[in-house]
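Contents: one structure, followed by commentary.
Residue numbers (my numbering): 27 to 285.
So this is what it looks like as structure tokens:
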């Protein structure tokens, strides 16, 4: 993953009263600009292909994509996954003045009204504020590992160890909350994400058990891309469809705008 270069970073817009810092992560500085609207490292798998297409790829530093929903359930997603992905991209453009953006969204609790029969979905949205072009590419049943279950509030319990093994922990990080976030509101102070060692697991179990409905805790895969290599692979997979669609729409080095 590219490290934000805060020296000589272009600044196009503002968030509140503070300048929104942009980091150039790939591409020629004279090329047309595009944002990757992420706070979870997805530029690692999306930026190289976008640069090859003819873009200068920028990352809006400290851009809060969680404002449009979290997997942990402490911030509920307004609307559909399609709407959230597009809105992430639109807001990034509007906040920075960069006319184009790519943003992702995942749906890992089945939504049969939108994706009949699908277990999970990965989406990538593209927005061009200059031309008005907007679209979403997506794939269903992507290879992201998503495992969840209720376990005793004891990290050493056989049920807990079995579920952790199924998650692929600690290479894939864990999340602990009192109750399933798919079934109700979760308070931010009761959400423990990115867990990768025993001490953090024990503390999360201790706190969440005091707030759960039955003394058990809800343990599941951390689905954020920078905490879950299988999710990052899914983003990359949909990225190939996005790049092909951009070519079809005329966004390529051979186009006069991208020469």
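Glycine included, every Cβ here is placed at the ideal spot set by N, Cα and C.
Cβ-Cβ distance between residue 84 and residue 59 below 8 Å: By 1-based counting over the chain shown, the position of residue 84 is 58. By 1-based counting over the chain shown, the position of residue 59 is 33. Yes, Cβ-Cβ distance for residue 84 and residue 59 is below 8 Å.
Alpha-carbon to alpha-carbon, residue 151 and residue 202: As a working note, residue 202 is residue 176 in the chain shown. As a working note, residue 151 is residue 125 in the chain shown. Counting only the Cα atoms, residue 151 lies some 29 Å from residue 202.
Proximal residues to residue 54 (C-beta, below 7 Å), its chain only, five neighbours per side dropped: Position 28 of the chain shown, counted from the first residue, corresponds to residue 54. So the qualifying residues of the chain are 82.
Same chain, Cβ closer than 7 Å to residue 178, five either side skipped, listed in chain order: Reading the chain shown from its first residue, position 152 is the one you call residue 178. So the qualifying residues of the chain are 185, 186 and 242.
Outcome for residue 66 when other beta-carbon atoms lying within 10 angstroms are tallied against a minimum of 16: As a first step, residue 66 is located in the chain shown; it is residue number 40 there, counting from the start. Result: buried.
Host alpha helix (DSSP H) of residue 174 (start-end): The sequence position of residue 174 within the chain shown is 148, counting from 1. Residue 174 -> not in any alpha helix (DSSP H); beta strand (DSSP E) instead, spanning 174 to 177.
Where residue 196 sits in the DSSP three-state scheme: Residue 196 sits at position 170 when you count from the first residue of the chain shown. Residue 196 falls in the coil class under three-state DSSP.
Distance CB(residue 79)-CB(residue 272) smaller than 8 Å: Within the chain shown, the letter at position 53 stands for residue 79. Within the chain shown, the letter at position 246 stands for residue 272. Going by C-beta atoms, residue 79 is nearer than 8 Å to residue 272.
Nonlocal neighbours in the same chain, by C-beta distance under 6 Å from residue 131, ignoring five residues either side: Locating residue 131 in the chain shown gives position 105, counting from the first residue. Closer than 6 Å at Cβ, skipping near neighbours: 107, 110, 111 and 149.
Cα-Cα separation, residue 252 to residue 263: Taking the chain shown and counting its residues from 1, one reaches residue 252 at position 226. Taking the chain shown and counting its residues from 1, one reaches residue 263 at position 237. Spanning the two alpha carbons is a distance of roughly 16 Å.
Runs of alpha helix (DSSP H) wholly within the region 204 to 282 (minimum 4 residues, chain order): 224 to 235 and 255 to 274
Distance between beta carbons of residue 244 and residue 286, contact taken as under 8 Å: Past the boundaries of the shown model lies residue 286; the chain is included only from 27 to 285, so the question cannot be answered.
Same chain, Cβ closer than 8 Å to residue 265, five either side skipped, listed in chain order: On the chain shown, position 239 is the one that residue 265 refers to. Cβ neighbours of residue 265 beyond the five flanking positions: 71, 72, 75 and 150.
Distance, residue 64 Cα to residue 258 Cα: As a working note, residue 258 is residue 232 in the chain shown. As a working note, residue 64 is residue 38 in the chain shown. So the alpha carbons of these two residues sit roughly 12 Å apart.
Any 3 or more C-beta pairs closer than 8 Å across the region 191 to 208 and the region 220 to 238: Yes: at least three Cβ pairs fall under 8 Å.
Chain-order list of residues whose beta-carbon lies under 8 Å from that of residue 219 (same chain, five-residue window excluded): Your numbering for residue 219 matches position 193 in the chain shown. Cβ neighbours of residue 219 beyond the five flanking positions: 98, 199, 201, 248, 250 and 253.
Backbone CA spacing between residue 160 and residue 169 [nearest angstrom]: Translated into positions along the chain shown, residue 160 becomes position 134. Translated into positions along the chain shown, residue 169 becomes position 143. Near 26 Å, if we compare the C-alpha coordinates of residue 169 and residue 160.
Minimum length 4: unbroken alpha helix (DSSP H) runs contained in the region 107 to 184: Runs of the alpha helix (DSSP H) spanning 4 or more residues and lying entirely within the region 107 to 184 occur at 107 to 122, in chain order.
Three-state secondary structure (DSSP) of residue 55: Reading the chain shown from its first residue, position 29 is the one you call residue 55. Reduced to three states, the DSSP call for residue 55 is coil.
Secondary structure of residue 71, DSSP reduced to three states: Position 45 of the chain shown, counted from the first residue, corresponds to residue 71. Three-state DSSP puts residue 71 in a helix.
Whole-angstrom distance between residue 269 and residue 164, CA atom to CA atom: Taking the first residue of the chain shown as 1, we reach residue 164 at position 138. Taking the first residue of the chain shown as 1, we reach residue 269 at position 243. It is roughly 12 Å from the alpha-carbon of residue 164 to the alpha-carbon of residue 269.
Pairwise C-alpha distance: residue 135 and residue 145: Counted from its first residue, the chain shown places residue 145 at position 119. Counted from its first residue, the chain shown places residue 135 at position 109. C-alpha separation (whole angstroms): 7 Å.
Residue nearest to residue 154 in terms of C-alpha spacing, selected from 196, 129, 77 and 49: Position 128 of the chain shown, counting from 1, holds the residue named residue 154. Measuring C-alpha to C-alpha distances from residue 154 to each of 196, 129, 77 and 49 identifies 129 as the nearest.
First and last residue of the uninterrupted beta strand (DSSP E) at residue 83: If you number the chain shown from 1, residue 83 lands on position 57. Unbroken beta strand (DSSP E) run through residue 83: 82 to 86.
Of the listed residues 86, 174, 189 and 125, nearest to residue 209 (C-alpha basis): Translated into positions along the chain shown, residue 209 becomes position 183. For the residues 86, 174, 189 and 125, the minimum Cα distance to residue 209 belongs to 174.
Own chain, CB closer than 7 Å to residue 118, minus 5 neighbours either side, in chain order: Numbered from 1 along the chain shown, position 92 holds the residue referred to as residue 118. Taken in chain order, the residues that qualify are 61, 63, 86, 89, 127 and 129.
Neighbourhood of residue 180 by C-beta distance below 8 Å, restricted to the same chain and skipping five residues each side: Within the chain shown, the letter at position 154 stands for residue 180. The residues are 186 and 231.
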